[in-house]
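Residue numbering for the sequence shown follows my numbering, beginning at 1 and increasing consecutively. Just so it is clear, CB atoms sit at the ideal spot from N, CA and C, and this is done for glycine as well. All figures in this text were calculated on a predicted structure; none of them were measured in a lab. Remarks on the structure that follows.
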Amino acid sequence: MITSKVVSRHSRRAALVFVLIGTLVGCASQSERPTSSSEPDALVADARTTLNNFLRDPDQTWIQNNLDQAKGVLIAPQIVKAGFIFGGSGGRAVLVAKDGRVWSGPAFYDLATASVGFQAGVEVSELVMIVMTEKGLNSLLSSSFKIGGDASIAAGPVGAGAKSTVTADLISFSRAKGVYGGVNLDGTVVHSNVRWNDAYYGKTNLLPPDILIRRTATSPKSAALLADVAKATR
């Protein structure tokens with residue numbers, strides 16, 4: 001028989017998790033709009049470095065062999081995981097998407113995850129998420145969605161297992177200090193960062209579909225990143 005104390009304890013835990021998710025997402029999405037595009041520019045440059053780290057890695061043959069099938073690529077140069085008992089992780093990311101054989105973007109996003117468990121310390125990882133289906137891409141085109149709820153996700157195989165078949169809307173690859181894995185993205189809340197979109201492209205109220213589908217906003221600053229992705233998918 002479940003006692004009222006047990007129910008209450010689980011209810012409090014659920015409430016704390018909910019509050020933490022709200023705090024993480026709120027801190028990211030409500031931050032001040034950059035006074036210039038310097039921060040978004042730096043994120044795009046870092047995203048290019050992260051992507052090429054994975055494309056050149058001999059343990060990442062799954063990405064190298066399957067990127068041509070992707071609908072999009074989400075790149076987060078830094079996912080910070082921190083906490084003690086109650087923790088969370090978060091970071092900023094860019095998304096590029098493909099229409100036919102033409103890549104467009106980037107659009108800017110915030111990622112936030114709350115977790116409960118015995119953990120301590122701070123860990124920084126870099127992340128590449130391959131968008132394999134229209135469902136996965138459509139989820140990212142919305143202003144906010146939850147990974148694992150609105151779109152399925154699987155950890156990508158590395159090393160000797162990189163030839164295995166993986167089926168999911170999103171395939172994620174992460175590494176911290178050269179070690180792969182360690183970032184659980186199931187339950188992560190992904191928010192479009194309109195302020196950073198606007199700062200990067202010099203426009204107002206730009207949403208992901210404006211950049212990735214309608215292409216009403218483009219920038220020569222994205223040429224190097226888009227060229228790297230296009231080269232890897234030939």
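- Burial state of Glu134 is exposed, judged by a 10 Å Cβ sphere holding fewer than 16 other Cβ atoms.
- Taken through DSSP and simplified to helix, strand or coil, Ala154 comes out as strand.
- Take the alpha-carbon of Ala45 and the one of Tyr201: they are about 15 Å apart.
- The segment 165-177 makes no contact with the segment 198-215, as fewer than three CB pairs between them are under 8 Å.
- Pairing Ala154 with Ala217, the inter-Cα distance amounts to about 31 Å.
- Under the three-state reduction of DSSP, Lys231 is assigned to helix.
- Within the same chain, Phe145, Asp150 and Ala151 come within 6 Å of Ser139 by CB-CB distance, once the 5 residues on both sides are set aside.
- In terms of Cα proximity to Met132, the closest of Leu67, Thr233, Asp198 and Ser219 is Leu67.
- Setting aside the 5 residues that flank it on each side, Met129 is surrounded in the same chain by Leu74, Leu170 and Ser172, each with a C-beta closer than 6 Å to its C-beta; the list follows chain order.
- Linking Ala76 to Asn65 through their CA atoms gives a straight-line distance of about 21 Å.
- Counting only unbroken stretches of 3 or more residues, the beta strand (DSSP E) elements lying wholly within the segment 56-112 are 72-84 and 86-99, in sequence order.
- Taking 8 Å as the upper bound for CB-CB distance, Leu141 and Pro209 are in contact here, some 5 Å apart.
- In the DSSP assignment, Phe54 is bridged to no other residue.
- Classified as buried, Val194 has 16 or more neighbouring CB atoms from the shown chains inside 10 Å of its CB.
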